[in-house]
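Engineer: Structure provided below as structure tokens; questions to follow.
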Amino acid sequence: MHHDSPRPVISATGLYTPPESISNAELVASFNAWAQGENARNAAAIAAGEVEPIAPSSVEFIEKASGIKSRFVLSKDAILDPGRMCPALPARANEEISALAEIAVAAARDALARAGRDAGDVDAVLCAASNMQRAYPAMAVEVQDALGIGANRGGGFAFDMNVACSSATFAIQVAADFVRSGSARSVLIVNPEICSAHLNWRDRDSHFIFGDVATAILVEAADVAPAAHWDILGTRLKTEFSNNIRNNFGFLNRAEPPHEPGADGSTDRLFVQQGRKVFKEVVPMVARMIADELDRLDLAAPSLRRLWLHQANAGMNRLIAKSVLGHDASEDESPTVLDSYANTSSAGSIIAFHRHSDDLAPGDTGVICSFGAGYSAGCVTIRKVG
Ligand code: COA
């Protein structure tokens with residue numbers, strides 16, 4: 002007798018947006034106040050030609066180069082304080098929920114409510130994000146506990162995974178494979194991204210890039226999913242090693258505070274990138290991946306209703322969408338959320354999907370696509386049902 006394996010679908014997504022946001026004007030004022038102070042402090046060395054003065058940042062550059070106008074953050078005042086310029090997220094007792102788990106749980110509750118799903122009926126949690134707050138216990142297990150995941154199913158399981166900006170799409174493939182194989186029938190993915198804590202707010206080249214957010218995705222077997230859901234037609238993942246986006250923070254160099262130079266003089270224990278190279282190398286890699294996946298699924302580009310692309314740079318998205326669709330994409334075809342959210346790492350394409358998918362009709366097909374450090378890229382082709 003022939004048994005079809007369960008069909009994985011996306012039942013719902015969820016979003017947690019921090020209450021505070023920082024405009025480019027506020028960000029640049031803070032950076033320039035700090036730079037001015039540093040230049041005054043180093044005036045003699047600068048005059049002697051021993052030290053380069055720190056050049057000011059500019060709102061016009063940020064918006065033109067990236068498309069970012071503001072970003073949501075968990076700790077606005079501390080980030081903008083020129084004497085500090087990093088978030089103040091006080092350590093919590095082990096008995097309290099950790100900051101990363103807290104925002105993951107908020108996004109998860111949104112997704113579970115939208116799906117009408119009792120957390121006790123979910124089998125597994127994947128915490129898929131760029132930065133975990135600690136080594137262990139896994140963030141995902143804390144989220145599982147906070148929500149009561151698996152309580153009606155004889156217990157559940159949870160683990161963390163990190164593929165930087167591509168973490169969410171990679172997790173969707175993992176969850177879909179769990180559903181197909183029968184090892185789970187309902188999988189909650191959370192993408193809590195406290196990017197403000199790995200960004201160097203004193204680096205003019207990148208201080209505008211990131212924001213904080215959390216998203217959640219419920220992947221389930223079609224036979225338990227709500228009537229309105231998204232069929233997962235296919236997933237495709239790709240990685241290719243590159244040092245052009247890198248964060249060297251880790252337990253082997255924990256002794257130095259991230260802003261201070263380490264033993265080797267480097268200050269790269271926060272996010273660093275070669276933005277130009279990333280732009281040039283990742284655009285063709287992603288455009289080719291989406292085109293190959295559409296070929297594999299026998300889908301013609303004109304039949305795509307929407308692209309929900311990773312939100313790093315408006316120019317990158319314009320080029321990728323144009324290459325895939327064969328014409329300049331409208332906001333309707335490739336919506337932008339980075340203007341208000343900035344780059345939120347793995348969460349970006351999921352925010353775009355979450356905020357811009359209600360208007361699609363049954364049968365409409367789209368692609369969620371993420372890309373970033375690794376390099377890594379993942380795309381998930383989905384079709385609206387019900
Ligand atoms: N304010 C004013 N000017 C600035 C500035 C700032 N904050 N930061 C840099 N500049 C200047 C540079 O000094 C440079 O000046 P020069 O031409 O006199 O040397 C000029 O602006 C261009 O800098 P560059 O870094 O080449 O800009 P860019 O056009 O490549 O834009 C990024 C920078 C980061 C926005 C862009 O490269 C990008 O988004 N790349 C993709 C990154 C990405 O996707 N990363 C994934 C992370 S997960």
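Numbering (our numbering), first residue to last: 2 to 387.
Heads up, the beta-carbon is just placed ideally off N, CA and C, and yes, glycines get one too.
Given the structure is predicted, the values throughout are model-derived calculations rather than measurements.
Is any heavy atom in the ligand COA found nearer than 7 angstroms to the beta carbon of N344?
Structural biologist: yes
Engineer: Kindly examine the ligand COA and report whether one of its heavy atoms sits closer than 7 angstroms to the Cβ of M317.
Structural biologist: The answer is yes for M317.
Engineer: Are the region 157-172 and the region 361-380 in contact at 8 angstroms, needing three or more beta carbon pairs?
Structural biologist: yes
Engineer: If you draw a straight line from the C-alpha of V368 to the C-alpha of F354, how long is it?
Structural biologist: The straight-line gap from Cα to Cα measures roughly 9 angstroms.
Engineer: For the ligand COA, I want to know if S67 counts as a neighbour, meaning its beta carbon is within less than 7 angstroms of at least one of the ligand's heavy atoms.
Structural biologist: For the ligand COA, a non-hydrogen atom lies closer than 7 angstroms to the CB of S67.
Engineer: Would you tell me roughly how many angstroms separate the C-alpha atoms of S304 and S184, rounded to the nearest one?
Structural biologist: 33 angstroms
Engineer: So what's T170 in DSSP terms, helix, strand or just coil?
Structural biologist: helix
Engineer: When the Cα atoms are used, what is the spatial distance from H230 to R205?
Structural biologist: 43 angstroms
Engineer: Who are the near neighbours of M2 in its chain, counting only those whose CB is closer than 6 angstroms to its CB and skipping five residues on each side?
Structural biologist: Per-residue confidence for M2 stands at a pLDDT of 48, beneath the threshold of 50, marking its modelled position as unreliable; the derived number appears in the next sentence. Excluding sequence neighbours, M2 sits near nothing in its chain.
Engineer: Do you know offhand how far A322's Cα is from D329's?
Structural biologist: 7 angstroms
Engineer: What residue from P193, L28, T236 has the CA that sits closest to K70's CA?
Structural biologist: Of P193, L28, T236, the residue nearest in Cα terms is L28.
Engineer: Could you tell me if the beta carbon of G379 falls within a distance shorter than 7 angstroms of some heavy atom in the ligand COA?
Structural biologist: no
Engineer: To test your reading of the DSSP string, which unbroken alpha helix (DSSP H) runs of 4 or more residues are found completely within the region 34-100?
Structural biologist: The qualifying runs are 44-48, 60-67, 77-81.
Engineer: Which first and last residues belong to the alpha helix (DSSP H) in which H230 is found?
Structural biologist: For H230, there is no enclosing alpha helix (DSSP H); the enclosing beta strand (DSSP E) has its first and last residue at 230-240.
Engineer: Hey, could you find the ends of the alpha helix (DSSP H) Y17 is sitting in?
Structural biologist: Not the alpha helix (DSSP H): Y17 falls in the beta strand (DSSP E), residues 9-17.
Engineer: Only counting the same chain, and skipping five residues up and downstream in sequence, which positions put a Cβ closer than 6 angstroms to that of V123?
Structural biologist: I150, S187, L189
Engineer: Over what stretch of residues does the beta strand (DSSP E) that includes P336 continue unbroken?
Structural biologist: Element bounds for P336: n/a, residue is neither H nor E.
Engineer: Give a yes or no on whether the C-beta atoms belonging to T216 and T14 are separated by under 8 angstroms.
Structural biologist: yes
Engineer: Within this structure, are the beta carbons of P83 and A34 separated by less than 8 angstroms?
Structural biologist: Closer than 8 angstroms, so yes.
Engineer: According to DSSP, simplified to helix, strand and coil, what is P303?
Structural biologist: helix
Engineer: Mind checking A292: buried by the 16 CB within 10 Å criterion, or exposed?
Structural biologist: exposed
Engineer: In this structure, how does DSSP classify M162 when only helix, strand and coil are distinguished?
Structural biologist: DSSP places M162 in strand when its eight states are reduced to three.
Engineer: Give me the Cα-Cα distance between P285 and Q275, rounded to the nearest whole angstrom.
Structural biologist: 16 angstroms
Engineer: I need the boundaries of the beta strand (DSSP E) containing L219, first residue and last residue.
Structural biologist: 213-222
Engineer: Just reading off the alpha helix (DSSP H) that A353 is part of, what are its end residues?
Structural biologist: Taken as a continuous stretch (DSSP letters only), the alpha helix (DSSP H) holding A353 covers 349-356.
Engineer: What does a CB cutoff of less than 7 angstroms around L81 pick up in its chain, not counting 5 residues either side in sequence?
Structural biologist: I23, E27, S31
Engineer: When DSSP labels each residue in this structure, what does S182 get in the three-state scheme?
Structural biologist: S182 carries a helical assignment under DSSP once its states are collapsed to helix, strand and coil.
Engineer: With I210 as the anchor, note down where its alpha helix (DSSP H) starts and where it stops.
Structural biologist: No alpha helix (DSSP H) holds I210; DSSP gives it neither H nor E.
Engineer: So, are the CB atoms of E143 and I98 less than 8 angstroms apart?
Structural biologist: Between E143 and I98, the CB-CB gap stays under 8 angstroms.
Engineer: Confirm, please, whether the CB-CB distance from R306 to T366 is below 8 angstroms.
Structural biologist: Contact annotation: T366 and R306 have beta-carbon atoms nearer than 8 angstroms.
Engineer: Any heavy atom of the ligand COA inside 7 angstroms of the beta-carbon of C166?
Structural biologist: yes
Engineer: Can the beta-carbon of F160 be found closer than 8 angstroms to that of L113?
Structural biologist: no
Engineer: What is the DSSP secondary structure of G379, reduced to helix, strand or coil?
Structural biologist: strand
Engineer: Kindly indicate the opening and closing residues of the beta strand (DSSP E) around G324.
Structural biologist: Correcting the residue type first, residue 324 is Ser in the shown sequence and not Gly. From DSSP, S324 is part of no beta strand (DSSP E) but of the alpha helix (DSSP H) over 315-326.
Engineer: Determine the closest residue to N163 out of L148, Y17, R135, with distance taken between C-alpha atoms.
Structural biologist: R135
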